[in-house]
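> For the record, the sequence lines run as chains D and V.
The first sequence begins at 3 in my numbering and counts up one residue at a time.
The second sequence begins at 2 in my numbering and counts up one residue at a time.
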Amino acid sequence: MPVSAIGALSRRRLVWLAVFLACLVPLASLVWRFLADDLGSDPVETLIRSTGDWGIRFIVGGLMITPLRQMGWNAPARFRRMIGLYAFFYVCLHLTTYLVVDQGLDLPSIVGDILKRPYITVGMLAFVLLVPLAATSTAAMVRRLGARTWMMLHRLVYPIGVLAVIHYYLLVKADVTWPVIYGAILAFGLGWRLKEKLRRRPRTLRTGAVRP
Amino acid sequence: MLIGKPSDIKPSEITPRDLYLNRRGLLAGAGALGLGAAFPAAAATLTYAKSPLSTTGEALTPLKDVTTYNNYYEFGTDKADPAKHAGKLKTDPWTVKIDGEVAKPADYALEDLLKGIALEERIYRLRCVEGWSMVIPWVGFSLSEVIKRAEPTSKAKFVEFTTVAEKSQMWGLSLPYLDWPYREGLRMDEAMHPLTILAVGLYGETLPNQNGAPLRLVVPWKYGFKYAKSIVRIRFTETQPATAWNTANPEEYGFYSNVNPAVDHPRWSQARERRIGEFSRRPTLMFNGYADQVSSLYFGMDLKKYY
Ligand code: HEM
Chain D
3 MPVSAIGALS RRRLVWLAVF LACLVPLASL VWRFLADDLG SDPVETLIRS
53 TGDWGIRFIV GGLMITPLRQ MGWNAPARFR RMIGLYAFFY VCLHLTTYLV
103 VDQGLDLPSI VGDILKRPYI TVGMLAFVLL VPLAATSTAA MVRRLGARTW
153 MMLHRLVYPI GVLAVIHYYL LVKADVTWPV IYGAILAFGL GWRLKEKLRR
203 RPRTLRTGAV RP
Chain V
2 MLIGKPSDIK PSEITPRDLY LNRRGLLAGA GALGLGAAFP AAAATLTYAK
52 SPLSTTGEAL TPLKDVTTYN NYYEFGTDKA DPAKHAGKLK TDPWTVKIDG
102 EVAKPADYAL EDLLKGIALE ERIYRLRCVE GWSMVIPWVG FSLSEVIKRA
152 EPTSKAKFVE FTTVAEKSQM WGLSLPYLDW PYREGLRMDE AMHPLTILAV
202 GLYGETLPNQ NGAPLRLVVP WKYGFKYAKS IVRIRFTETQ PATAWNTANP
252 EEYGFYSNVN PAVDHPRWSQ ARERRIGEFS RRPTLMFNGY ADQVSSLYFG
302 MDLKKYY
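(1) Does the CB of Thr96 of chain V have a neighbour CB from chain D at under 9 Å?
(2) Can you tell me the Cα-Cα spacing of Asp108 of chain V and Val165 of chain V, whole angstroms?
(3) Does any residue of chain D have a CB that is nearer than 9 Å to the CB of Lys80 of chain V?
(4) At 4 residues or longer, what runs of the alpha helix (DSSP H) sit wholly inside the region 5-34 of chain D?
(5) Who are the Cβ neighbours of Glu198 of chain D in its own chain at under 7 Å, not counting the five residues just before and after it?
(6) Between Met126 of chain D and the ligand HEM, is the CB less than 8 Å from at least one heavy atom?
(7) By Cβ distance, which residues of its chain are closer than 7 Å to Leu54 of chain V, with the 5 residues on each side in sequence left out?
(8) Should Tyr204 of chain V be listed as close to the ligand HEM, given that the test is whether its C-beta is under 8 Å from any heavy atom?
(9) Whose Cβ in chain D lies nearer than 9 Å to the Cβ of Asp66 of chain V?
(10) Using beta carbons (cut-off 9 Å, strictly below), is Gly114 of chain D in contact with chain V?
(11) Using the beta-carbon count (16 or more within 10 Å), is Gly301 of chain V buried or exposed?
(12) Taking its Cβ as the centre, do 16 or more other Cβ atoms sit within 10 Å of Glu239 of chain V, making it buried, or is it exposed?
(13) Contact check, Ala200 of chain V vs Trp139 of chain V under 8 Å by CB: the rounded distance?
(14) Among V:Ile99, V:Lys223, V:Met171, V:Glu185, which residue has its Cα nearest to the Cα of Glu161 of chain V?
(15) Out of V:Thr285, V:Ser231, V:Ile148, state which residue places its alpha-carbon closest to the alpha-carbon of Thr96 of chain V.
(16) Just checking my contact of Asn261 of chain V with Arg128 of chain V at CB under 8 Å: how many whole Å lie between their CB atoms?
(17) Beta strand (DSSP E) containing Ile168 of chain D: first to last residue?
(18) Could you tell me which chain V residues have their CB closer than 9 Å to the CB of Lys118 of chain D, listed as they occur along the chain?
(19) Should Lys306 of chain V go down as buried or exposed, given a rule of 16 or more other Cβ atoms within 10 Å for buried?
(20) Name, please, each residue of chain V whose Cβ falls closer than 8 Å to the Cβ of Gly106 of chain D.
(21) Should Gly255 of chain V be flagged as near chain D, meaning a C-beta pair shorter than 9 Å?
(22) Can you name the start and end residues of the beta strand (DSSP E) that Ile118 of chain V belongs to?
(23) Taking 9 Å as the cut-off, decide whether the C-beta atoms of Glu167 of chain V and Lys98 of chain V are in contact.
(24) Decide if Arg201 of chain D is buried, meaning its Cβ has at least 16 other Cβ atoms within 10 Å, or exposed.
(25) Just checking Ala272 of chain V against the ligand HEM - is the residue's beta carbon closer than 8 Å to any of the ligand's heavy atoms?
(26) Please classify Arg146 of chain D: is it buried, with 16 or more other beta-carbons within 10 angstroms of its beta-carbon, or exposed?
(27) With 16 other CB atoms within 10 Å as the buried threshold, where does Asn76 of chain D fall?
(28) Report yes if the C-beta distance between Val167 of chain D and Ile58 of chain D is below 9 Å; otherwise report no.
(29) Check whether chain V comes within 9 Å of Tyr170 of chain D, counting only Cβ atoms and requiring the distance to be less than that.
(30) Alpha carbon to alpha carbon, how far is Asp293 of chain V from Asn259 of chain V?
(31) In three-state terms, what does DSSP make of Gly26 of chain V?
(32) Any beta-carbon of chain V closer than 9 Å to the one on Lys197 of chain D?
(33) Could you tell me whether the region 142-159 of chain D touches the region 105-114 of chain D, using the rule of 3 or more Cβ pairs below 8 Å?
(34) State the DSSP-derived secondary structure class of Asn210 of chain V, mapped to helix, strand or coil.
(35) The beta strand (DSSP E) spanning Met143 of chain D covers which residue range?
(36) Hey, Gly77 of chain V and Lys65 of chain V: beta-carbon distance below 9 Å or not?
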């Protein structure tokens with residue numbers, strides 16, 4: 003018995019490790035392509051776009067975990083925190099590439115961008131909202147804040163997801179295919195939650211006006 | 002509504018003969034057109050002379066970048082798409098219709114259009130509205146040579162360029178983002194300007210399809226989307242023609258679209274640009290560095306209004 007328990011435990015750990023490493027593959031691929039001089043004609047653009055793509059994938063993907071669980075697929079639920087932190091990680095790389103490589107830390111130009119370009123303004127807002135979520139991701143923080151407060155705070159991922167999609171939508175020149183796809187997934191996830199919420203409302207609340 | 006100066010153009014300005022002759026003088030000894038009977042599908046080496054109008058002192062953008070990093074939405078919206086899909090476009094035979102306000106409208110086979118024209122190498126900076134730039138050695142000739150031949154009437158105030166739209170060869174035409182066919186336009190004096198060329202090649206060879214083969218416009222002081230590619234029609238008009246990006250999004254893309262670091266695009270600051278091959282950005286120059294040659298075209302115009 004103890005042997006199989008250990009076996010089960012380590013398998014759980016192995017899966018965790020595999021998922022953890024899989025989430026690093028996009029970064030590894032970028033590093034590899036950078037070293038191989040294979041980032042295309044405009045490597046800075048490739049870096050910004052690719053890290054932005056992974057940022058939005060993790061955010062929108064993370065928001066799908068609960069609907070998926072409610073539909074009966076439980077497996078991803080335990081990776082929720084990891085996925086959220088990876089979203090923050092890729093967005094940090096995204097922002098750093100923009101600040102350091104693209105803008106060369108030219109402060110007036112960066113401030114000008116944040117104030118004048120709606121897509122940067124919105125992206126920055128999404129980033130700023132992500133910071134407290136990343137900072138309170140530990141179990142200790144859940145305890146410190148109390149589960150209710152923590153849950154309330156972490157509902158911020160909804161507006162973050164919406165802002166990320168708007169950011170993407172605003173920055174494309176004409177081809178809105180991908181922002182629309184992410185927007186549709188997000189809308190589905192949000193719609194699903196709303197539906198669940200209404201379903202779970204106590205009957206009396208829904209039928210309150212009806213007298214027997 | 003009339004915009005800018007078009008009404009000021011005197012018919013005599015349409016044929017700046019002295020300028021034309023002068024330039025030909027400079028080009029004495031220019032090579033003969035090495036195109037043979039027709040444009041072969043594969044790149045062919047061109048014979049051309051160097052031009053004193055070339056930009057000097059800047060490193061050329063490598064051929065690989067010039068031919069793999071393209072905006073040509075008829076072949077897809079990703080910059081790598083055109084190089085992948087443009088091979089399907091048939092550029093031989095090719096006909097260019099010249100019509101509108103001209104004494105001599107005609108349908109020209111490309112070879113006939115190019116007959117008697119001496120090709121030149123024109124090294125120009127190219128600045129994209131998206132904030133990147135290149136330096137490209139085009140091979141082509143002044144658009145004014147074709148315009149003169151067509152003999153525009155006094156009513157010709159603008160030139161409209163229509164680009165190819167062959168659905169079976171260009172899958173991107175099924176995307177609804179622009180009102181196909183892609184059209185561009187210039188004011189007559191812009192079209193007649195010596196810097197404005199029709200390019201048939203780059204790096205000494207015929208244009209690759211993704212770069213707008215077999216014939217494309219190059220207007221180096223304007224953003225790259227003004228450089229109509231794979232031109233099938235040149236029409237002279239009295240009123241300002243509708244252009245593709247201006248129609249799609251008039252607030253962001255003006256008819257003039259002169260490179261101007263002081264007029265921001267809502268999405269991109271135009272103050273700086275990234276030269277392909279470099280990491281950090283460099284300042285963008287007024288009229289893409291061609292202000293000495295072209296700023297007189299816009300004398301007295303509010304360039305914030307006519308962006
Ligand atoms: C939650 C935060 C963010 C997410 C999820 C996100 C996501 C994205 C995505 C998906 C793209 C498009 C990638 C593509 O075209 O394939 C993108 C592009 C970009 N983002 Fe973000 N972004 C975020 C925050 C920011 C911030 C804070 C900045 C800068 C202050 C920023 C600057 C940019 C820039 C400059 C581009 C490239 C635009 C272009 O190539 O024209 N983003 N981002």
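Idealized CB from N, CA, C, for every residue including glycine.
According to the data block:
(1) If you number the second sequence from 1, residue 96 of chain V lands on position 95. Using a CB distance cut-off of 9 Å, Thr96 of chain V does not count as an interface residue toward chain D.
(2) By 1-based counting over the second sequence, the position of residue 108 of chain V is 107. By 1-based counting over the second sequence, the position of residue 165 of chain V is 164. Inter-residue distance for Asp108 of chain V and Val165 of chain V is about 15 Å (C-alpha atoms, whole angstroms).
(3) As a working mapping, residue 80 of chain V is identified with position 79 in the second sequence. With 9 Å as the cut-off, Lys80 of chain V counts as an interface residue toward chain D.
(4) If we require 4 residues or more, the region 5-34 of chain D turns out to have no alpha helix (DSSP H) run fully inside it.
(5) Here the question's residue 198 of chain D lines up with position 196 in the first sequence. The residues are Gln72.
(6) In the first sequence, residue 126 of chain D corresponds to position 124, counting from 1. Yes, the Cβ of Met126 of chain D comes within 8 Å of a heavy atom of the ligand HEM.
(7) Sequence index remark: in the second sequence, residue 54 of chain V carries index 53 (1-based). The residues are Arg123, Pro195, Leu196.
(8) As a working note, residue 204 of chain V is residue 203 in the second sequence. No, Cβ of Tyr204 of chain V sits at least 8 Å from all heavy atoms of the ligand HEM.
(9) The sequence position of residue 66 of chain V within the second sequence is 65, counting from 1. The contacting residues are Gly42, Ser43, Asp44.
(10) As a first step, residue 114 of chain D must be located in the first sequence, where it is residue number 112. With 9 Å as the cut-off, Gly114 of chain D counts as an interface residue toward chain V.
(11) Within the second sequence, residue 301 of chain V is the residue found at index 300, counting from 1. Classification of Gly301 of chain V: exposed, given that the 10 Å Cβ count is below 16.
(12) If you number the second sequence from 1, residue 239 of chain V lands on position 238. Taking a 10 Å sphere around the C-beta of Glu239 of chain V, we find fewer than 16 other C-beta atoms and assign the residue as exposed.
(13) Numbered from 1 along the second sequence, position 199 holds the residue referred to as residue 200 of chain V. Numbered from 1 along the second sequence, position 138 holds the residue referred to as residue 139 of chain V. That belief holds up - the Cβ atoms of Ala200 of chain V and Trp139 of chain V are roughly 4 Å apart, short of 8 Å.
(14) In the second sequence, the residue the question calls residue 161 of chain V occupies position 160. Here the closest residue by C-alpha is V:Glu185.
(15) Position 95 of the second sequence, counted from the start, is the residue given in the question as residue 96 of chain V. Per the Cα distances, V:Ser231.
(16) Residue mapping note: residue 261 of chain V aligns to position 260 of the second sequence, counting from 1. Residue mapping note: residue 128 of chain V aligns to position 127 of the second sequence, counting from 1. Actually they are not in contact, since the Cβ atoms of Asn261 of chain V and Arg128 of chain V sit about 10 Å apart, beyond 8 Å.
(17) Translated into positions along the first sequence, residue 168 of chain D becomes position 166. Per DSSP, Ile168 of chain D belongs to no beta strand (DSSP E); it is in the alpha helix (DSSP H), 159-173.
(18) One-based indexing of the first sequence puts residue 118 of chain D at position 116. Under the 9 Å cutoff, chain V gives Asp265, Pro267, Ser270.
(19) What you label residue 306 of chain V is simply residue 305 of the second sequence in a count that begins at 1. With fewer than 16 Cβ atoms within 10 Å of its Cβ, Lys306 of chain V is classed as exposed.
(20) Locating residue 106 of chain D in the first sequence gives position 104, counting from the first residue. Residues of chain V whose Cβ lies closer than 8 Å to the Cβ of Gly106 of chain D are, in chain order, Ser281, Arg282.
(21) Along the second sequence, read from residue 1 onward, the residue named residue 255 of chain V stands at position 254. It does not: the Cβ of Gly255 of chain V has no partner Cβ on chain D nearer than 9 Å.
(22) The residue given as residue 118 of chain V occupies position 117 in the second sequence. First-last for Ile118 of chain V: undefined, no H or E at that position.
(23) In the second sequence, the residue the question calls residue 167 of chain V occupies position 166. In the second sequence, the residue the question calls residue 98 of chain V occupies position 97. Contact flag unset, no.
(24) Counting from 1 along the first sequence, the entry for residue 201 of chain D is found at position 199. A residue is called buried when at least 16 other Cβ atoms come within 10 angstroms of its Cβ; Arg201 of chain D does not meet this threshold and is exposed.
(25) Position 271 of the second sequence, counted from the start, is the residue given in the question as residue 272 of chain V. Checking every heavy atom of the ligand HEM against the Cβ of Ala272 of chain V, none is found closer than 8 Å.
(26) Along the first sequence, read from residue 1 onward, the residue named residue 146 of chain D stands at position 144. So Arg146 of chain D counts as exposed.
(27) If you number the first sequence from 1, residue 76 of chain D lands on position 74. Per the 10 Å Cβ criterion, exposed.
(28) Your numbering for residue 167 of chain D matches position 165 in the first sequence. Your numbering for residue 58 of chain D matches position 56 in the first sequence. Here Val167 of chain D is near Ile58 of chain D, since their CB atoms are less than 9 Å apart.
(29) Looking up residue 170 of chain D in the first sequence gives position 168. Among the CB atoms of chain V, none fall inside 9 Å of the CB of Tyr170 of chain D.
(30) For the purposes of this step, residue 293 of chain V is taken as the residue at position 292 of the second sequence. For the purposes of this step, residue 259 of chain V is taken as the residue at position 258 of the second sequence. When the Cα atoms are used, Asp293 of chain V and Asn259 of chain V turn out to be separated by approximately 14 Å.
(31) Numbered from its first residue, the second sequence carries residue 26 of chain V at position 25. A caution first: Gly26 of chain V carries a pLDDT of 32, below 50, which makes its placement in the model too unreliable to give a value.
(32) Residue mapping note: residue 197 of chain D aligns to position 195 of the first sequence, counting from 1. Chain V, which has no Cβ nearer than 9 Å to the Cβ of Lys197 of chain D, makes this no.
(33) Flag = no, the region 142-159 of chain D and the region 105-114 of chain D do not touch.
(34) Numbered from its first residue, the second sequence carries residue 210 of chain V at position 209. Residue state, collapsed to three classes: helix.
(35) Position 141 of the first sequence, counted from the first residue, corresponds to residue 143 of chain D. That residue, Met143 of chain D, is in no beta strand (DSSP E); its alpha helix (DSSP H) goes 141-147.
(36) For this step, residue 77 of chain V is matched to residue 76 along the second sequence. For this step, residue 65 of chain V is matched to residue 64 along the second sequence. Result no, Cβ atoms of Gly77 of chain V and Lys65 of chain V do not sit closer than 9 Å.
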